[in-house]
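So the sequence shown is residues 1 to 232, counted in the working numbering.
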Amino acid sequence: GRLYQVEYAFKAIQTSGLTSVGVRGLDCSCVATQMKIPDKLHDPTSVSNMHKITDTIGIVTTGMQPDSRSSIQTLREEAAQFKFDYGYDMPVESLAKRAADLAQVYTQHAYMRPLGVSLIICGMDIEGESKVPRLYRCDPAGYFAGYKATSSGSKEQEANNFLEKKLKADLTKKLSYDETVQMALGCLQNIVGADLKASDVEIGVVSASTPKFTRLTDAEIESQLTALAEKD
1 GRLYQVEYAF
11 KAIQTSGLTS
21 VGVRGLDCSC
31 VATQMKIPDK
41 LHDPTSVSNM
51 HKITDTIGIV
61 TTGMQPDSRS
71 SIQTLREEAA
81 QFKFDYGYDM
91 PVESLAKRAA
101 DLAQVYTQHA
111 YMRPLGVSLI
121 ICGMDIEGES
131 KVPRLYRCDP
141 AGYFAGYKAT
151 SSGSKEQEAN
161 NFLEKKLKAD
171 LTKKLSYDET
181 VQMALGCLQN
191 IVGADLKASD
201 VEIGVVSAST
211 PKFTRLTDAE
221 IESQLTALAE
231 KD
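Quick look at the structure:
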């Protein structure tokens, strides 16, 4: 049969009005999302869909804001507990698997409802000298997988088509840091159908040179947008 409750959770993500994108490069990983201030009276600095979980892992959430805050809080606690128990930072895959496992529990009890939120997790696995960028996506059904590039939200299909077209020519292509960020920006620009301003997007990155999850400043986003416009 069908689980309507889970289907409605997916529907909630698609009607959120926002689209998020994640792209993984050779030595970096990047997540980007649209930035919409729902009310003119809101303080723009308090509205964000980008969350830091550990120093090297960040998540962009798409869907219902209160649900996403709840799952982010849980994952922060999980990551802290993992570090306390084992003495090293939680690997990105373990965090993604944990997020998916928790989401799955919500689909099997009658007194719970699935969270209407999709998580795109980007991070850097550091072991000794090796630094490996990771990109995962978790959905309300409890499914998770690693991706070269992915998207979620209201224009997920258009975004995925764009990313597939860009990567189809050469799936083994190793993207540099700038190419990775510009592909994510190009994807958002394509689905919005207009030129983006730095204030319209949020971007978080991890790279081998700076493995800490960092959000790009408006000036950095602006320079990437300029480079993208010149390339086209």
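Every residue gets a Cβ at the ideal spot worked out from N, C-alpha and C, and that includes glycine.
This structure is a prediction, so every number in the text was calculated from the model and none was measured.
Same chain, Cβ closer than 8 Å to residue i, five either side skipped, listed in chain order
i      : result
Ala229 : Asp195
N-terminal and C-terminal residue of the alpha helix (DSSP H) that residue i is part of
i      : result
Glu7   : 4 to 14
Phe144 : Phe144 -> not in any alpha helix (DSSP H); beta strand (DSSP E) instead, spanning 144 to 146.
Ile221 : 218 to 231
Ser94  : 92 to 105
Element boundaries [beta strand (DSSP E), containing residue i]
i      : result
Phe84  : Element bounds for Phe84: not the beta strand (DSSP E) but the alpha helix (DSSP H), 65 to 86.
Asp125 : 117 to 127
Gln157 : Counting along the chain, Gln157 falls outside any beta strand (DSSP E), though it belongs to the alpha helix (DSSP H) covering 156 to 168.
Val23  : 19 to 24
Pro133 : 130 to 138
Ala32  : 28 to 34
His51  : 50 to 54
Ala149 : 149 to 153
7 Å Cβ cutoff met for residue i and residue j
i      : j      : result
Ile120 : Ser48  : no
Val79  : Thr54  : Note that residue 79 is Ala in the sequence shown, not Val. Against a cut-off of 7 Å, the Cβ pair of Thr54 and Ala79 comes out as a contact.
Gly123 : Thr56  : yes
Gly142 : Gln104 : yes
Leu18  : Gly153 : yes
Val132 : Asp139 : no
Leu26  : Lys174 : yes
Val6   : Asp67  : no
Ala184 : Phe144 : no
Lys197 : Arg24  : no
Thr150 : Arg134 : no
Ala94  : Val206 : Before going on, a small fix: residue 94 reads as Ser here, not Ala. Cβ atoms of Ser94 and Val206: not closer than 7 Å.
Ala12  : Met64  : yes
Pro114 : Ala9   : yes
Option nearest residue i by Cα separation, candidates the options
i      : options                        : result
Val201 : Arg24, Leu225, Ala110, Gly146  : Leu225
Ile203 : Thr61, Lys148, Lys165          : Thr61
His51  : Glu77, Thr150, Ile72           : Ile72
Asp101 : Asp39, Thr74, Asp218           : Thr74
Ala219 : Tyr177, Ser199, Thr45, Arg113  : Ser199
Asp232 : Glu179, Phe213, Thr210, Ala208 : Glu179
Ala110 : Ile221, Leu3, Thr45, Pro38     : Leu3
Ser223 : Leu41, Val181, Lys165          : Val181
Thr217 : Ser16, Thr45, Glu164           : Thr45
Arg98  : Arg76, Ser176, Met35           : Arg76
Tyr177 : Ser209, Met112, Phe82, Gln34   : Ser209
Min CB distance residue i to chain B below 7 Å
i      : result
Gln104 : In the structure shown, chain B does not exist; there is a single protein chain.
Cut-off 6 Å between Cβ atoms - residues of its own chain near residue i, not counting five sequence neighbours on either side
i      : result
Phe162 : Cys187, Asn190
Gln14  : Ser154
Residues near residue i in its chain [Cβ-Cβ closer than 7 Å; skip 5 each side]
i      : result
Ala159 : Thr19, Val21, Ser151, Cys187, Ile191
Val92  : Ile57, Ile121, Gly123, Asp125, Arg134, Tyr136
Ile221 : Ala198, Val201, Ile203
Pro211 : Thr56, Met124, Ile126, Lys131
heavy atom of the ligand SAH below 6 Å from residue i C-beta
i     : result
Val21 : This structure simply doesn't include the ligand SAH, nor any ligand for that matter.
Can you list, in chain order, the stretches of the beta strand (DSSP E) that have 3 or more residues and sit fully within the stretch 187 to 218? Listed in chain order, they are 201 to 207.
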